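> Per the working numbering: the sequence shown = residues 318 to 534.
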Amino acid sequence: MKNRWSEKEAKAMIRRYGRDGVNADRALRVYTSRLLGNEPRLVLHGGGNTSVKTTMPDVMGDRIDVLCVKGSGWDMGDIKPQGLPAVRLENLRKMIALDRLSDEDMVNAQRANLLDSAAPNPSVETLLHAFLPHKFIDHTHSNAVLALTDQPGGDELCRKVFGAKMGYVPYIMPGFALAKKASEVYLQDPSVEGLILFKHGIFTFGDTAKEAYTRMI
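(1) If we count the other Cβ atoms within 10 Å of its Cβ and call it buried at 16 or more, is G335 buried or exposed?
(2) Kindly list the residues whose CB is nearer than 6 Å to the CB of G400, restricted to its own chain and excluding five residues on each side of it in sequence; keep chain order.
(3) Can you tell me the Cα-Cα spacing of Q505 and P437, whole angstroms?
(4) Can you tell me where the beta strand (DSSP E) holding L384 begins and where it ends?
(5) Identify the continuous beta strand (DSSP E) that holds S368 and give its terminal residues.
(6) Between A464 and K411, what straight-line distance do the alpha-carbon atoms span, to the nearest angstrom?
(7) Return the chain-ordered ranges of every beta strand (DSSP E) run that is complete within the segment 489-534 and spans a minimum of 3 residues.
(8) Given a cut-off of 8 Å, decide if L353 and G364 are closer than it, judged by their beta-carbon atoms.
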């Protein structure tokens, strides 16, 4: 798969959205989300989401840590900054201490922590993004990964192909339980470059937008 990252295009995106008051983190998040969203082999089956951890001003003008994550109803291929609603990160991370959390309570908690109450619902996988420590996180339903995980012996095949550079998460429906399990798997070996979610897809992450994107490609 071709790596389509362009330093020129990345800088142009920062300038373009900087005029609207969007910081470089969010502009680069838009840029690589579009790169992923326009790669059919990653999004043919639909879905996927991306996030960035950054800071933004609250209503009092104080800068707070937020998670900007793809919102419901937005396509990664043509996403804009408003398609990445900002959620208060500290409150999301506290939820990892819970033993269980219903989907309804999870959605309510995520909406209650939006900086903009009119923003779209954050992704159902918002907590997974929040519980991982990385600045940039990419998630797709890669054809190549699903071709391995969806067949008998997929677990063993993935481990042979990707080895120790990835963590391996058993199938769990998206939501709180999956987010907690993914965090547990990551903490077993924080050196991994990403996570394979069996019968679901792949997460990659990094300190920069380019690093997370390159690991996905």
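Every residue gets a Cβ at the ideal spot worked out from N, C-alpha and C, and that includes glycine. Here the structure is a predicted model, which means the values were calculated and not measured.
Quick answer:
(1) Exposed.
(2) Non-local beta-carbon contacts of G400 in its own chain, meaning distances under 6 Å to residues more than five positions away in sequence, involve G388 and W391 in chain order.
(3) Cα to Cα, the separation comes out at about 34 Å.
(4) It spans R380 to V386 - the beta strand (DSSP E) in which L384 sits, taken as one unbroken run.
(5) According to the DSSP assignment, S368 belongs to the beta strand (DSSP E) that extends over N366 to P374.
(6) When the Cα atoms are used, A464 and K411 turn out to be separated by approximately 35 Å.
(7) Entirely contained in the segment 489-534, the beta strand (DSSP E) runs reaching 3 residues are, in chain order, 511-514 and 518-523.
(8) No; because the gap between Cβ atoms is not below 8 Å, this pair is not in contact.
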